[in-house]
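Down below is the structure, laid out as structure tokens.
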Amino acid sequence: MLRALELRKDFGGLTVLYPTTIDFHPGELHALMGENGAGKSTLMKILAGLYRPDGGQVEWRERYAEFTSPHDALVAGIAMIHQELMPIPDLTVAENITLGAEPCSAFGLIDRNAQLARAQELLDELESDISPARMMRTLTVAQTQVVEIAKALGRQADVILMDEPTAALSDHEVAALFRAIARLKARGVAIVYTTHKMDEVFRLADRISVLRDGRLVGTAPAAELNPARLITMMVGRELADVFPVRHSPSDDILLEVSGLTREPAYHDINFQVRRGEVVALAGLMSAGRTEVVSAIYGLQPATEGQIRLKGTPLSIRNPQDALAAGIGMVTEDRKGLGLIPALGVGQNITLSALRDYGRGPLINHPAEAAASQTQMSEFSVKAESPSQPIAQLSGGNQQKALLARCLLGAPDLVILDEPTRGIDIGAKAEIYALIQKLALAGKGILLVSSELPEVLSLAHRIVVLRRGCVSATLDAASTDQETVLRHAMPL
Amino acid sequence: MLTLDRNLVHRFGLLLVILFVGLALSLLTDTFLSVANFTNVARQISINGILAVGVTFVLLTAGVDLSLGSVVALSGVACATFAHPGDHSVFVPIAVGLLTGAACGLVNGVLVTRGGVAPFIVTLGMMTIARGLALIVSGGRPVADMSNELTALAGDFLGVPVPVLCFAGVAAAAWFFLRNFRLGRHIYAVGGNENAARAAGVPVERVKLFAYCLCGLLTGLAGVVLAARITTGQPNAGQAYELDAIAAVVIGGTSLAGGVGTITGTLLGVLLIGVINNGLDLMGVSSYYQAVIKGVIIVGAVWLDRRQARS
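Order-wise, the sequence lines are chains A and B.
At position 340 of the first sequence the residue is numbered 340 (the working numbering), and the sequence of numbers has no breaks.
At position 297 of the second sequence the residue is numbered 1297 (the working numbering), and the sequence of numbers has no breaks.
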């Protein structure tokens, strides 16, 4: 039904997708697998009319189709759920869902009731309790994702492209999405799906295509593959063990947080991080994890409580204070709080520590270039050159560049908020190894992660938050997923 | 390499346009291609050039300054008030003019950073406030009777007009600053993604405040130079100067969304507008038509540039 025929895409002289041919069939879920930068999103964006291919063509119903815009593709019956969420914050949920396809009465006026009803219907299909009349701005990331999915479902498309639709969803919402996917397949809709979660692929996919470095490694029915084989295809090598060995921490207390409070986000938070220790903050989406670490880094200071680093009480009003005290952070929101898109990779990396590469108010360009080169090779950031705008890099490489920025200033305490969200298994393994390396070097690591296997394997101790309060502090070696979840779930 | 290449293509394209316009004017008129006329063009563009360099800093932080023209008038009047022969040393009126501009920039910057008011609104307000103050200070009349030392600022130094020297110095310093100062890098970072810059430890408020103050200071300089050239402080001077300055910067490839742009681009933008103004004058085109032609060229140049950037 839909065919990518010898599709090729270049970005600034770099080929990100080599001629690739894949067929997509009605009623089938076709998973595209591969590491970040493998070309999955690029392929999808060509199919959805967002990018023009530099070679090859899209065949749609046995005819050559030239989509010059997402609107062309939508009209033809191809809808896409994007990995980066693009809501319009000051419109309602219903207005977002029906955007561009508003139900109209005679005279071309929008029929508000029909609009709300239509939105409600689509949200029901996803078993969501979000009210269609709410403002988009008030929604959490997970809810926004649900709305984006509802929007794509509402297009009555014959092909739905889903780029990591579950990245931000809770288990309940994921289950509802899977049921909706099953109904779509029964209706004969073709689904193209990307994810980094192995279990999802084998639950959902009928057919799997693997991409690596912009090339198609192969396409096979899901039944003929298993996780180990799939990972080998994706990475091009065997991954012996994703999680490295933990080292034992010292007794030296590095960070001590006491009575940290900012109502209503969190209340009376107490915990410590020792040198060489990885402490994970676990909890549900809205438990206040990001808010607590944001306070320690000065992004949104707490109203009460004390933060001590190496025994010294700190008054942290902004990230500058935190950086000066020896606290670095890689935020959860890569696009919003991380990247300076138009600046080069190198300049992004040196941004926080620029003072170290110059004299007085001046920048020492050779020293800066040397530092960014070193960091790029140390963190294996793949880019044409340090001056390539960071916006052109894949998600995994962007994340590695931001880690490089954070660590260039040699902080004592490193805060990592969802450092592996939406990146591939190869890059994840690199980040896991890096965390242990930092711990071994005597740094303290404060990790926020929604992936429990990650938390259990990386951390020494787990501080579980529930509705803004610490509900338990667990020793990672002697606990399991069920125990953590029990403390995380609201009573 | 990519950014560099794109900048090169951009500058090269703009340079070609300027050369093309220059060639056309050389053929259409017999006066364009002469040393005297080139000196004239350089003299004419220097005030817009100084303003454009200043406002480049503000536009790079994703801000805007609409008060340039009015602040030129206010600084000129303030300068002229202290420039009567025998009153003070020549440095006093110059300092007064510069500080008046810087003070306006400071107020703009404080309202934008501390007050959280949109730059468009703040500087729109400053546009009418500064104009009003210029009229109040001067009593609505031109402030005349200016010392020869000050009017010498519009004369020549070693055969080169002093305004041109001012413009060249300002542009060179700005180019060096944006390239080599940490604060220069911070300006790009703030304009590129303000929240990310803050999270990376960039003192965002201070950076913006600096940009507005510097823009104000250079606007003050433009006011002093203009006053020297017209030998009076004119409260009605500088009408719509901000538009030519912003147009030059945008033609030069600076993004109104901030974070992208160069001083070299701004220089070429200033040059293009200057050559067009000069050429239309030489050809005796009526000023009514000149306005229309200039508008078309501004929009056309930016449209071509964006089309090029997309492909």
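Backbone N, C-alpha and C fix where the C-beta goes; we use that ideal spot for every residue, glycine too.
These numbers were taken from a predicted model, which means no experiment stands behind them.
TODO: Taking C-beta pairs closer than 8 Å, name the residues in chain A that LEU1183(B) reaches, listed in chain order.
DONE: By one-based count along the second sequence, residue 1183(B) stands at place 183. What LEU1183(B) touches in chain A: PRO361.
Open item on the list: Does the stretch 67-81 of chain A come into contact with the stretch 462-476 of chain A, if we say contact requires no fewer than three beta-carbon pairs (one atom in each stretch) closer than 8 Å?
Closed with: Output reads no: the stretch 462-476 of chain A does not touch the stretch 67-81 of chain A.
Task: Own chain residues within Cβ distance below 6 Å of ALA205(A), not counting five before or after - done: The residue labelled residue 205(A) in the question sits at position 205 within the first sequence. For ALA205(A), same chain residues with a beta-carbon under 6 Å away, outside a window of 5 residues either side, are LEU29, ALA31, ALA222 in chain order.
Task: Pairwise C-alpha distance: THR1264(B) and ALA369(A) - done: Here residue 369(A) corresponds to residue number 369 of the first sequence, with the count starting at 1. Here residue 1264(B) corresponds to residue number 264 of the second sequence, with the count starting at 1. Answer to the nearest angstrom: the Cα atoms are 23 Å apart.
Open item on the list: So ARG355(A) contacts chain B; which residues on that side make the cut at Cβ distance below 9 Å?
Closed with: Position 355 of the first sequence, counted from the start, is the residue given in the question as residue 355(A). ARG1182, listed in chain order.
TODO: Name, please, each residue of chain B whose Cβ falls closer than 7 Å to the Cβ of ALA342(A).
DONE: As a position in the first sequence, residue 342(A) is number 342, starting the count at 1. Against chain B, the beta carbon of ALA342(A) has neighbours under 7 Å at GLY1192, GLY1259, VAL1260, listed in chain order.
TODO: Determine the direct distance from the alpha carbon of GLN306(A) to that of ALA240(A), and round the result to whole angstroms.
DONE: For the purposes of this step, residue 240(A) is taken as residue 240 along the first sequence, with counting starting at 1. For the purposes of this step, residue 306(A) is taken as residue 306 along the first sequence, with counting starting at 1. Here ALA240(A) scores only 49 on pLDDT, less than 50, and its place in the model should not be relied on; the value that follows carries that caveat. Going from the Cα of ALA240(A) to the Cα of GLN306(A) covers about 43 Å.
TODO: Pull up the distance between the alpha-carbon of ARG61(A) and that of ILE160(A), whole angstroms please.
DONE: Position 61 of the first sequence, counting from 1, holds the residue named residue 61(A). Position 160 of the first sequence, counting from 1, holds the residue named residue 160(A). When rounded, the distance between both Cα atoms is 15 Å.
Task: Collapsed DSSP secondary structure at VAL16(A) in the structure displayed - done: Working through the first sequence from its first residue, we reach residue 16(A) at position 16. VAL16(A) falls in the strand class under three-state DSSP.
TODO: Can you tell me which of the three DSSP states GLN272(A) falls into?
DONE: Locating residue 272(A) in the first sequence gives position 272, counting from the first residue. Secondary structure of GLN272(A) (DSSP, three-state): strand.
Open item on the list: Against chain B, with Cβ distances strictly below 8 Å, would SER394(A) count as a contact?
Closed with: By 1-based counting over the first sequence, the position of residue 394(A) is 394. Output row for SER394(A): interface = no.
Open item on the list: For LEU304(A) and THR261(A), which I take to be in contact (beta-carbon distance under 8 Å), what is that distance rounded to the nearest angstrom?
Closed with: Position 304 of the first sequence, counting from 1, holds the residue named residue 304(A). Position 261 of the first sequence, counting from 1, holds the residue named residue 261(A). The displayed chain sequence assigns Glu, not Leu, to residue 304(A). Contact flag correct, Cβ pair sits at about 4 Å.
Open item on the list: Tell me the rounded alpha-carbon separation between ALA1042(B) and VAL16(A).
Closed with: In the second sequence, the residue the question calls residue 1042(B) occupies position 42. In the first sequence, the residue the question calls residue 16(A) occupies position 16. Roughly 47 Å between the two C-alpha positions.
Open item on the list: So ILE1251(B) and ILE1298(B) are supposed to be a Cβ contact under 8 Å. How far apart are they, rounded?
Closed with: Counting from one through the second sequence, the residue named residue 1251(B) turns up at place 251. Counting from one through the second sequence, the residue named residue 1298(B) turns up at place 298. Indeed they touch by this definition, with Cβ atoms about 6 Å apart.
Open item on the list: Strictly by DSSP, which residues pair up with THR473(A)?
Closed with: Mapped onto the first sequence, residue 473(A) falls at position 473. Answer is VAL463(A).
Task: For LYS9(A): DSSP bridge partner residues - done: As a position in the first sequence, residue 9(A) is number 9, starting the count at 1. Looking at the DSSP assignment, LYS9(A) forms a beta bridge with LEU17(A).
- [ ] Could you say if the stretch 1107-1120 of chain B and the stretch 1201-1220 of chain B meet the contact criterion of at least three C-beta pairs nearer than 8 Å?
- [x] Flag = yes, the stretch 1107-1120 of chain B and the stretch 1201-1220 of chain B touch.
TODO: Could you tell me which residues DSSP puts in a beta bridge with ALA980(B)?
DONE: The requested residue 980(B) is not part of the displayed model; chain B covers only 1001 to 1311.
TODO: Give the interface partners of GLY1201(B) over in chain A, defined as CB-CB distance under 7 Å, in chain order.
DONE: Position 201 of the second sequence, counted from the start, is the residue given in the question as residue 1201(B). Close partners of GLY1201(B) in chain A (Cβ separation under 7 Å): PRO319, GLN320, LEU323, SER352.
Task: Bridge-paired residues (DSSP) for TYR193(A) - done: Here residue 193(A) refers to the residue found at position 193 when the first sequence is read from its first residue. In the DSSP assignment, TYR193(A) is bridged to ALA31(A), MET162(A).
TODO: Check each residue of the stretch 327-338 of chain A: if its Cβ is closer than 7 Å to any Cβ of chain B, include it; give the result in chain order.
DONE: Cβ contacts with chain B: THR331, GLY336, LEU337, GLY338.
Open item on the list: When you compare the stretch 291-299 of chain A with the stretch 370-389 of chain A, are there three or more beta-carbon pairs, one atom per stretch, that lie closer than 8 Å?
Closed with: Counting C-beta pairs closer than 8 Å gives fewer than three between the stretch 291-299 of chain A and the stretch 370-389 of chain A, which falls short of the contact rule.
Open item on the list: Please return the same chain residues whose Cβ sits closer than 6 Å to the Cβ of GLN143(A), not counting the five positions on each side in sequence.
Closed with: Working through the first sequence from its first residue, we reach residue 143(A) at position 143. These residues qualify, in order along the chain: ILE130.
Task: When ASP333(A), LEU230(A), ALA367(A), ALA186(A) are compared against GLN347(A), the one with the closest alpha-carbon - done: Along the first sequence, read from residue 1 onward, the residue named residue 347(A) stands at position 347. When only C-alpha atoms are compared, the closest one is ALA367(A).
Task: Simplified DSSP state of ALA48(A), which is helix, strand or coil - done: Within the first sequence, numbered from 1, the residue matching residue 48(A) stands at position 48. Three-state result, ALA48(A): coil.
Open item on the list: Which residues in chain B have a C-beta closer than 7 Å to the C-beta of GLY358(A)? List them in chain order.
Closed with: For the purposes of this step, residue 358(A) is taken as the residue at position 358 of the first sequence. Those within 7 Å of GLY358(A) in chain B are ARG1182.
TODO: Would you check if the stretch 1014-1021 of chain B and the stretch 1177-1190 of chain B touch, i.e. whether three or more CB-CB distances between them fall below 8 Å?
DONE: Contact between the stretch 1177-1190 of chain B and the stretch 1014-1021 of chain B is absent: fewer than three C-beta pairs spanning the two stretches fall below 8 Å.
TODO: Excluding the 5 residues preceding and the 5 following VAL380(A) in the sequence, name in chain order all residues of the same chain whose CB lies nearer than 8 Å to its CB.
DONE: Within the first sequence, the letter at position 380 stands for residue 380(A). The residue asked about is misnamed: residue 380(A) is Ser in this sequence, not Val. Closer than 8 Å at the Cβ level, and outside the excluded window around SER380(A), lie LYS400, GLU430.
Open item on the list: So that I know if they touch, is there some Cβ in chain A lying closer than 8 Å to that of ARG1306(B)?
Closed with: Translated into positions along the second sequence, residue 1306(B) becomes position 306. It does not; no Cβ of chain A falls within 8 Å.
- [ ] Identify the continuous beta strand (DSSP E) that holds GLY64(A) and give its terminal residues.
- [x] Stepping through the first sequence from its first residue, residue 64(A) is reached at position 64. According to the sequence displayed, residue 64(A) carries Tyr and not Gly. Residue range 63-65 is occupied by the beta strand (DSSP E) that includes TYR64(A).
Open item on the list: Could you compute how far the alpha carbon of LEU309(A) sits from the alpha carbon of ALA1103(B)?
Closed with: Here residue 309(A) refers to the residue found at position 309 of the first sequence. Here residue 1103(B) refers to the residue found at position 103 of the second sequence. For LEU309(A) and ALA1103(B), the gap between their C-alpha atoms comes out near 41 Å.
Open item on the list: Considering just the uninterrupted stretch of the beta strand (DSSP E) at ALA94(A), what are its terminal residues?
Closed with: Residue 94(A) sits at position 94 when you count from the first residue of the first sequence. Looking at the DSSP string, ALA94(A) is not in any beta strand (DSSP E); the run it does join, the alpha helix (DSSP H), is 93-97.
Task: Residues near ALA1291(B) by beta carbon distance below 7 Å, same chain, minus five either side - done: By 1-based counting over the second sequence, the position of residue 1291(B) is 291. Cβ within range, chain order: n/a, list empty.
Open item on the list: Between the alpha carbons of GLY1076(B) and ALA1174(B), how many angstroms are there, rounded?
Closed with: Within the second sequence, numbered from 1, the residue matching residue 1076(B) stands at position 76. Within the second sequence, numbered from 1, the residue matching residue 1174(B) stands at position 174. Each residue's alpha carbon lies about 23 Å from the other.
Open item on the list: Within 8 Å of any Cβ in chain D, is that where the Cβ of ARG405(A) sits?
Closed with: The chain inventory of the structure shown lacks chain D, comprising the protein chains A and B.
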